[in-house]
Amino acid sequence: MKFFEFDTIREIFSTMRQSKLRTFLTGFSVAWGIFMLIVLLGSGKGLQNGVSSNFSNYAVNMVNVWPRRTNMPYKGFKAYRRLRFKDQDMEMLKNHFPQIDKASGIISLYGSTVSYGKEYGNYGINGVMPDYKDIRMLSIEAGNGRFINNIDMSEERKVVVINQRVADNLFRGEEPLGKYVQIGGIAFMVVGLETKTSNDENGYCYIPHSTAQTIYNRRGYTDEFYFTVTGMDSPEANEAFTLALRKTLARSLIVHPDDTAAIGVWNMAENYVQTMRIFSTIQLFVFIIGLCTLVAGIVGVGNIMVITVKERTREFGIKKAIGASPSNILNSILIESVIITGIFGYVGMVLGIGTLELLNLIMENATGTGGDGPKVFLNPSVDLNIVLVATGILIASGLLAGYFPARKAVNIKPVEAMRAE
Amino acid sequence: MRQLPVEGQLPFYLSKSIGGMILLEKLNKTYPGVQPLHVLKDIDLSISQGEYVAIMGASGSGKSTLLNVLGILDDYDTGRYLLDGKLIAGLSEKKAAIYRNKMIGFVFQSFNLISFKNAMENVALPLFYKGVARKKRNQLALEYLEKVGLRDWWHHYPNELSGGQKQRIAIARALISQPRIILADEPTGALDSRTTDEVIQLLSQVNAEGITTIVVTHERSVAEQTKRIIHLKDGYIESDNINIPSLTACSK
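Quick mapping for you: the protein sequence lines, in order, are chains A and E. Counting with the working numbering, you get residues 1 to 421 for the letters of the first sequence. Counting with the working numbering, you get residues 1001 to 1252 for the letters of the second sequence.
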């Protein structure tokens, strides 16, 4: 059985040329189905990427804790007492909660004057611990030095990691590593250049936490805690963790258990998991809509194949009379169906991906200067597997849609077939 | 009720007709329906290799049905049909297609050319189903077009051709697979008298090459050109005669 001979293909293309409108209509419904599926799924993905990119300044499992004022009198303490975190509080939390992975205290000063030679500027100074780099997902590329390390901490070294903005403003293209900058009149050696936040308007300097405690008169204290947590995948688990964290800290700081406003907790994971849940729901909806569009395409293909076969009953009759076997005719219909759905499915796929790229470009330009503000749309993309499966479904449905009417037409006696008009 | 052919009217070669090209024995065919139509009634018929036969009859006499049965385009209910010694009964579509392709060439009243193929491609089509390579097919098709005098028209599409030309192309198409039998169903039904002559001439020429030729017609002038005339009436063979004048006409 010569199913896929070149001559057969040539024969099929000649019949396709003969009925351009039909070929186009069949192809269009296929292309449209695939196109819509890709655009919908891609947009959903783009939306998700866009929103989750807003989380990317932080590790998604980050927890930030900071002290505030008490609002209730408790155990002899008056209300409105300003709370402060001690170094031991962090150690206590780390021991108490096995979920805590990386941890860092932070001492922040906003708007300290930093100068190098004649250049100077006002930048945020952060006294941090080595883990801070991973918690905030800072990046120091190879050749750009290093982050604050444990020796810096224990020796209270006067070293500083500056970000790109600071380097640009103070060093003007000069190599900053190994140079000394003045922070509040004290010389710090630049040991690292951080480039993650290069787009950020703000300049930041990171110095050892211990050094900051000494210089800024906070020995034994810290302004805030940052840590990452592991092993909690549901919003419920995260909520429970946050609650337990508050309770433990409240006990340690002697705060009324109901005074929740006294301790600030920002659990990124809680937020992140929730947002991602919303998005998986949106994705599901989009997928269902796409699938429905695909079904419409399939029905379109089926419809047109039924009409096609009916229209060509006479032609089939003639061909049978002059020696075509039923399988000759059946094969030619099926191959035609597969070729049309295949080619137009591909066209729809290419158009769909093109549209997504265009959409991405437009959205990128619309959000302005490359990404300070919150993004809503980023890198729309579609899983290639989904596209392939969808094309497969379409081709299979084209086959089925062609097969049943074709079988019927093929089994009509040639005499009857030739009588049909 | 069947009218047996009178002794002496039978062609001599019919006496031992088992080895004939076509043999029908008590063949019956009924079209089902609310009022079933018994179109072929106990047909006995034998046609030998190389015969030139006309089947005549009024419309509804069953002549086209008979031709369809002979051409394996339609099946029958009871009786036997032997084609070149092979029993044709309950064939699968695939088998029927093979027999048709090998044995039989069709010529239809309405030509039945494929509208989106040019003359050459139409003629070559049976060879496509035989698996002949394209180049060879087209070359052969041109040869057969030459035979029917239309070689120069090979690139024309059916709607650019006259009825007579279309029918000649259909004949070329019937001949290209080198069939043993040509079955022509009212081949001149849609033609004027001049082109009718052309087509009949062509069929006579085909028969002269030794191909069994069976023409269904209701035109006496067409039947006169053949060598044997079978009359059908209400599903019976009314008469079956050697056509002497045409014999002499052809032999000159």
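Beta carbons are placed, not taken as given, at the ideal position from N, Cα and C, and that holds for glycine.
6 Å Cβ shell around residue i - same chain, five flanking residues per side excluded
i	result
A/Met1	Note that A/Met1 scores 40 on pLDDT, short of 50, meaning its location in the model is unreliable and no value can be drawn from it.
E/Ala1141	Met1120, Val1123, Ala1124
A/Ser210	Met153, Glu156
A/Gly345	Val30, Ile34, Thr391, Leu394
E/His1218	none
E/Ser1239	His1231
A/Arg165	Gly203
Chain-order list of residues whose beta-carbon lies under 7 Å from that of residue i (same chain, five-residue window excluded)
i	result
A/Glu239	Glu270
A/Met62	Ile135, Tyr226, Thr228, Met268
A/Pro380	Gly42, Ser43, Lys45, Gly46, Leu356, Leu359, Asn360
E/Ser1177	Asn1101, Gly1105, Pro1126, Leu1127, Lys1130
A/Lys319	Ile329
A/Gly231	Gln99
E/His1038	Thr1030, Gly1235
A/Arg22	Ile304, Thr308
E/Gly1050	Gly1210, Thr1212
A/Leu378	Gly46, Asn49, Gly50, Ser53
Three-way DSSP call (helix, strand, coil) for residue i in this model
i	result
A/Val30	helix
A/Tyr351	It should be noted that the sequence gives Leu, not Tyr, for residue 351 of chain A. Helix, per DSSP.
E/Met1120	helix
E/Lys1227	coil
A/Ser112	strand
E/Asp1240	strand
E/Lys1136	helix
A/Trp266	strand
E/Trp1153	helix
E/Leu1183	strand
A/Ile393	helix
A/Phe287	helix
E/Lys1233	strand
A/Met363	helix
A/Ile254	coil
A/Ser337	helix
A/Ala187	strand
Alpha-carbon spacing of residue i relative to residue j, whole angstroms
i	j	result
E/Ser1204	E/Phe1106	15 Å
E/Glu1025	E/Leu1087	11 Å
A/Ile107	A/Val128	7 Å
A/Phe147	A/Gly192	6 Å
E/Cys1250	E/Ala1054	Reliability of the predicted coordinates at E/Cys1250 is poor, the pLDDT of 47 falling under 50, and no value is obtained from them.
E/Ser1064	E/Leu1202	21 Å
A/Met137	A/Ala59	6 Å
A/Leu400	A/Glu236	47 Å
A/Arg246	A/Asn54	26 Å
A/Val190	A/Tyr180	6 Å
A/Glu336	A/Met305	10 Å
A/Asn385	A/Ile307	32 Å
A/Ile362	A/Leu388	27 Å
A/Glu416	E/Ser1061	18 Å
A/Asn202	A/Trp32	47 Å
A/Glu119	A/Lys158	20 Å
E/Ala1170	A/Met418	15 Å
E/Glu1186	A/Leu37	56 Å
A/Phe171	A/Gly143	17 Å
A/Thr242	A/His256	16 Å
E/Asn1118	A/Cys292	43 Å
Anticipated Cβ contact below 8 Å, residue i with residue j, distance rounded
i	j	result
E/Val1216	E/Leu1067	5 Å
E/Lys1094	A/Pro326	6 Å
E/Asn1028	E/Tyr1081	Contact doesn't hold; Cβ gap of about 11 Å is too wide.
A/Leu109	A/Tyr216	7 Å
A/Ser332	A/Ile12	6 Å
A/Ala396	A/Thr313	Contact flag wrong, Cβ pair sits at about 24 Å.
A/Val65	A/Glu224	7 Å
A/Ala103	A/Met92	Incorrect: roughly 11 Å between the Cβ atoms, too far for contact.
A/Ile254	A/Phe77	6 Å
Close Cβ partners of residue i (< 8 Å) along its chain, the five nearest in sequence each way excluded
i	result
A/Tyr80	Arg69, Thr70, Asn71
A/Val286	Leu40, Leu41, Ser43, Gly44
A/Thr8	Lys2, Asn331, Ser332, Ile335
A/Arg10	none
task: Could you name each continuous alpha helix (DSSP H) segment of 4 residues or more that falls completely within the stretch 133-183 of chain A, going from the start of the chain to the end?
output: 150-155, 164-171
task: Give, in chain order, every unbroken run of the alpha helix (DSSP H) that is at least 4 residues long and sits entirely within the stretch 1059-1114 of chain E.
output: 1063-1070, 1093-1103
task: Run through the stretch 1028-1062 of chain E for me and flag every whole beta strand (DSSP E) of 3 or more residues, listed as ranges in chain order.
output: 1037-1047, 1052-1056
message: Quick check on the DSSP output: what are the complete beta strand (DSSP E) runs of length 3 or more inside the stretch 1197-1223 of chain E, in order along the chain?
response: 1212-1216
query: What residue ranges within the stretch 195-237 of chain A form continuous beta strand (DSSP E) runs of no fewer than 3 residues, ordered along the chain?
result: 204-208, 224-229
task: Would you list, in sequence order, the uninterrupted alpha helix (DSSP H) runs of no fewer than 4 residues that lie entirely inside the stretch 34-97 of chain A?
output: 87-96
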